[in-house]
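Encoded as structure tokens, the structure appears first; notes follow it.
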Ligand SMILES: Cc1cc2nc3c(=O)[nH]c(=O)nc-3n(C[C@H](O)[C@H](O)[C@H](O)COP(=O)(O)OP(=O)(O)OC[C@H]3O[C@@H](n4cnc5c(N)ncnc54)[C@H](O)[C@@H]3O)c2cc1C
Ligand SMILES: Cc1cc2nc3c(=O)[nH]c(=O)nc-3n(C[C@H](O)[C@H](O)[C@H](O)COP(=O)(O)OP(=O)(O)OC[C@H]3O[C@@H](n4cnc5c(N)ncnc54)[C@H](O)[C@@H]3O)c2cc1C
Ligand code: SF4
Ligand code: SF4
Ligand code: FES
């Protein structure tokens with residue numbers, strides 16, 4: 001038997017990932033992090049201690065069998081690693097790239113207590129990318145049933161729910177308002193973090209499960225959720241329309257030209273390809289000195305996009321300190337490398353006008369950290385008399401989003417007091433047969449949490465429709481053999497919840 | 500996916516044209532005051548256009564478009580019967596509230612004439628006495644007069660040069676209607692922001708409820724980007740999901756007009772580049788055809804167009 005690994009015997013340093021040089025990449029939209037090579041992945045897999053209590057699994061919102069897949073990598077059985085990953089995570093290539101691992105799986109890794117944590121996300125990405133390169137896909141045996149399922153929104157929540165329902169044998173249609181599917185993955189997260197080819201590959205996998213995509217479809221307005229159930233023959237519907245509705249600061253000067261939301265900047269740049277203007281028709285505001293307000297992932301993306309679009313100076317304005325910044329650590333680090341100037345503990349109080357309706361500058365006030373607030377973070381308070389002005393010609397707000405109002409306007413779905421869709425622990429909404437999850441239920445969260453919600457809703461939907469969960473082995477009534485998938489013989493399509 | 504076929508095309512003038520697009524589901528769902536977002540091709544911009552009419556039987560929706568810039572001019576050139584749009588999504592926006600007002604003035608100016616039509620018809624169907632006021636620059640631009648006559652109890656046509664109907668600005672038409680009908684309960688106005696502003700001013704003193712349909716720059720049309728925000732009273736509203744109809748006495752039109760100019764420079768550049776490349780295509784096309792007729796053109800010359808920008812510099 002091989003000697004048991006200990007914290008002393010494993011490679012002490014986390015295997016670095018090759019990256020484009022900051023000076024080069026600041027001028028292109030190619031992916032920043034180049035991914036692990038086979039040797040890198042093998043070396044990093046050695047760092048996992050295979051802890052019997054598997055703390056990392058509980059850190060992952062979908063509970064991936066992390067030591068399991070790392071072990072397969074160590075055995076050079078990459079297909080095996082892929083199979084374990086896709087048991088729980090439909091989108092390993094995406095999550096490996098965008099999960100805030102330091103707060104999730106890697107944040108609780110045992111190795112992380114004394115050394116740098118095992119690079120779980122990077123290995124996950126390696127396996128996912130290998131699968132895309134090799135064309136691997138796990139299509140289970142699918143026993144078609146008579147159910148039709150409608151999915152509203154093609155972000156990670158909708159994609160995950162669609163995949164599970166298709167695997168369970170349902171006829172699944174995904175409706176998307178934009179002309180291309182993917183949700184925030186497509187319109188928000190820029191190519192240098194998540195290339196479109198990766199999203200396309202994952203969507204193609206879904207199509208192979210039989211999932212149909214209908215773009216250019218604004219549900220609620222073209223047809224309502226109720227119509228989907230009553231007239232269009234859907235037996236169940238999942239709503240994953242994301243949050244959207246960007247928050248403005250509500251300070252003087254908000255509506256000046258040159259003030260826009262990060263969503264607008266990113267959508268123009270990523271989805272509408274405005275960075276290729278005029279080959280693509282959509283224009284994009286180009287700033288010389290760009291001030292981005294906020295320090296989440298959206299803010300980092302807006303700053304790094306601005307740098308690539310040729311801004312001379314990019315400032316990050318955030319009212320708390322670096323420790324409280326909600327962005328992935330790696331993104332803050334990358335933004336610093338690419339030349340973003342961070343102004344922590346700084347809060348905007350007014351946008352200054354050039355007299356012709358455009359932005360000339362911004363007035364800010366310095367902050368200091370006071371008592372902890374409800375979120376447990378120390379509340380920033382303004383330092384009296386510390387106002388100062390600086391010059392900027394483009395201001396981007398990345399200070400969060402509110403619930404998109406369309407579902408509330410057009411359906412009977414009960415909303416909570418913040419306007420998000422109300423759902424119970426099983427993600428069932430107030431309308432029978434309608435489930436909801438992702439950002440539109442929780443408010444802005446993460447890709448993997450949205451995906452987890454999509455899968456959870458799929459489980460509830462299967463229960464509602466009377467489909468046995470394909471993860472549970474089913475012993476047929478006459479005791480012969482084991483059946484996976486739906487219970488076709490019993491036809492126990494009993495509704496779990498009364499209509 | 501991109502199967503939004505154009506089934507009818509009509510040209511009202513050399514700047515205004517009508518497209519009827521096949522979309523049975525949307526024809527069923529559309530209500531007065533709503534709009535669509537159209538993409539001509541994969542590289543195209545998303546442009547918002549009001550649903551000017553919808554026909555459930557034929558399964559079509561009608562758009563009336565004024566060629567003002569790159570996209571609308573390119574559509575004017577390329578959208579012929581039998582061709583398809585790359586994308587069309589809608590109906591978007593909150594439908595216009597067709598109130599129970601007994602006497603209503605429906606005002607449409609320029610590109611607002613078509614979109615006011617479904618509202619005029621809606622009010623008529625709701626039993627109101629409908630007075631239409633339509634404003635055009637000149638007689639040659641007038642369209643849909645008959646269509647309006649069919650659903651309006653009275654129609655006042657104004658042209659700036661007096662070549663048809665009343666000579667004067669659209670506000671003159673409004674004043675005339677207000678003078679004749681002191682019992683007006685509601686005014687609905689659609690058109691360029693200056694016109695809607697003037698209209699709101701005309702009714703402010705008399706405190707007649709005045710609804711306008713704002714047209715800020717949009718991207719997604721689903722409430723996600725905030726590009727379409729407008730100031731209404733003390734609040735900031737997103738026109739695509741909170742509107743596009745708002746109380747005209749509360750809308751900050753100056754702010755709206757300023758924000759519409761955000762991309763003027765880029766739009767002009769795109770337009771110039773595009774029309775230059777059109778001109779070059781036509782020229783090269785013509786001379787190459789000539790050459791072909793004389794039997795002297797090698798085939799490859801026909802396929803290679805000079806770069807329009809280079810062309811400008813060289814010539
Ligand atoms: C710029 C940016 C960067 C981010 N970076 C990260 C990151 O690095 N890591 C991370 O974990 N998370 C990140 N997030 C958060 C993460 O992307 C979201 O939490 C996640 O995408 C939410 O998924 P969702 O499926 O709920 O919704 P979305 O991804 O928002 O998808 C919803 C989809 O529904 C469509 N839709 C909306 N209304 C309708 C309708 N009426 N009819 C039809 N379709 C409709 C929308 O067009 C959209 O495509 C980032 C978010 C942003 C904005
Ligand atoms: C809700 C709504 C309904 C509309 N309905 C109609 C309609 O029924 N018929 C019609 O002809 N036009 C309508 N418009 C205006 C139409 O969208 C613009 O004319 C079009 O986007 C211009 O595109 P372009 O590339 O041809 O011109 P550009 O070169 O882009 O711009 C030319 C001019 O149009 C303005 N403009 C540019 N983009 C937009 C935009 N997205 N929205 C509004 N104005 C813009 C610019 O400020 C500029 O002055 C509507 C706009 C909105 C918001
Ligand atoms: S999905 Fe995200 S949290 Fe889960 S193991 Fe992968 S990287 Fe970690
Ligand atoms: S906690 Fe870290 S070392 Fe332990 S099993 Fe998980 S990844 Fe491996
Ligand atoms: S067009 Fe983007 S929010 Fe209205």
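Chains as they are written, first to last, in the numbering used here: chain S, 1 to 499; chain E, 500 to 814. Glycine included, each C-beta is placed from N, C-alpha and C at the ideal position. Please read all numbers here as calculations on a predicted model, not as lab measurements.
Does residue i come within less than 9 Å of chain S when only Cβ atoms are used?
{"i": "residue 544/E", "result": "yes"}
{"i": "residue 702/E", "result": "no"}
{"i": "residue 590/E", "result": "yes"}
{"i": "residue 674/E", "result": "no"}
{"i": "residue 495/E", "result": "The first residue shown for chain E is 500 and the last is 814, placing residue 495/E beyond what the model contains."}
{"i": "residue 757/E", "result": "yes"}
{"i": "residue 724/E", "result": "yes"}
{"i": "residue 549/E", "result": "no"}
{"i": "residue 718/E", "result": "yes"}
{"i": "residue 577/E", "result": "no"}
{"i": "residue 593/E", "result": "yes"}
{"i": "residue 553/E", "result": "no"}
{"i": "residue 643/E", "result": "no"}
{"i": "residue 569/E", "result": "yes"}
{"i": "residue 740/E", "result": "yes"}
{"i": "residue 619/E", "result": "no"}
Does residue i have its Cβ less than 9 Å from a Cβ in chain E?
{"i": "residue 420/S", "result": "no"}
{"i": "residue 14/S", "result": "no"}
{"i": "residue 206/S", "result": "no"}
{"i": "residue 409/S", "result": "yes"}
{"i": "residue 217/S", "result": "yes"}
{"i": "residue 87/S", "result": "no"}
{"i": "residue 238/S", "result": "no"}
{"i": "residue 151/S", "result": "no"}
{"i": "residue 405/S", "result": "yes"}
{"i": "residue 154/S", "result": "no"}
{"i": "residue 281/S", "result": "yes"}
{"i": "residue 360/S", "result": "no"}
{"i": "residue 235/S", "result": "no"}
Take the Cβ of residue i as the centre, count every other Cβ of all protein chains shown within 10 Å, and call the residue buried at 16 or more, exposed below.
{"i": "residue 114/S", "result": "exposed"}
{"i": "residue 34/S", "result": "exposed"}
{"i": "residue 37/S", "result": "exposed"}
{"i": "residue 12/S", "result": "exposed"}
{"i": "residue 502/E", "result": "exposed"}
{"i": "residue 100/S", "result": "buried"}
{"i": "residue 623/E", "result": "buried"}
{"i": "residue 88/S", "result": "buried"}
So, using beta-carbon positions, are residue i and residue j closer together than 9 Å?
{"i": "residue 505/E", "j": "residue 580/E", "result": "yes"}
{"i": "residue 394/S", "j": "residue 306/S", "result": "yes"}
{"i": "residue 289/S", "j": "residue 313/S", "result": "yes"}
{"i": "residue 62/S", "j": "residue 451/S", "result": "yes"}
{"i": "residue 535/E", "j": "residue 621/E", "result": "no"}
{"i": "residue 683/E", "j": "residue 630/E", "result": "yes"}
{"i": "residue 632/E", "j": "residue 673/E", "result": "yes"}
{"i": "residue 302/S", "j": "residue 392/S", "result": "no"}
{"i": "residue 569/E", "j": "residue 519/E", "result": "no"}
{"i": "residue 341/S", "j": "residue 295/S", "result": "no"}
{"i": "residue 226/S", "j": "residue 411/S", "result": "yes"}
{"i": "residue 283/S", "j": "residue 544/E", "result": "yes"}
If contacts are defined as beta-carbon pairs under 8 Å, then residue i and residue j qualify, I think. What distance do you get, rounded to the angstrom?
{"i": "residue 285/S", "j": "residue 317/S", "result": "Rounded, the Cβ-Cβ distance is 18 Å, inconsistent with contact."}
{"i": "residue 584/E", "j": "residue 690/E", "result": "25 Å between Cβ atoms; not a contact."}
{"i": "residue 127/S", "j": "residue 78/S", "result": "6 Å"}
{"i": "residue 709/E", "j": "residue 686/E", "result": "4 Å"}
{"i": "residue 181/S", "j": "residue 223/S", "result": "Rounded, the Cβ-Cβ distance is 18 Å, inconsistent with contact."}
Any residue whose CB is nearer than 7 Å to a heavy atom belonging to ligand 5, listed in chain order = Output, sorted by chain position: 264/S, 717/E, 718/E, 719/E, 720/E, 721/E, 722/E, 723/E, 724/E, 725/E, 726/E, 727/E, 737/E, 738/E, 739/E and 740/E.
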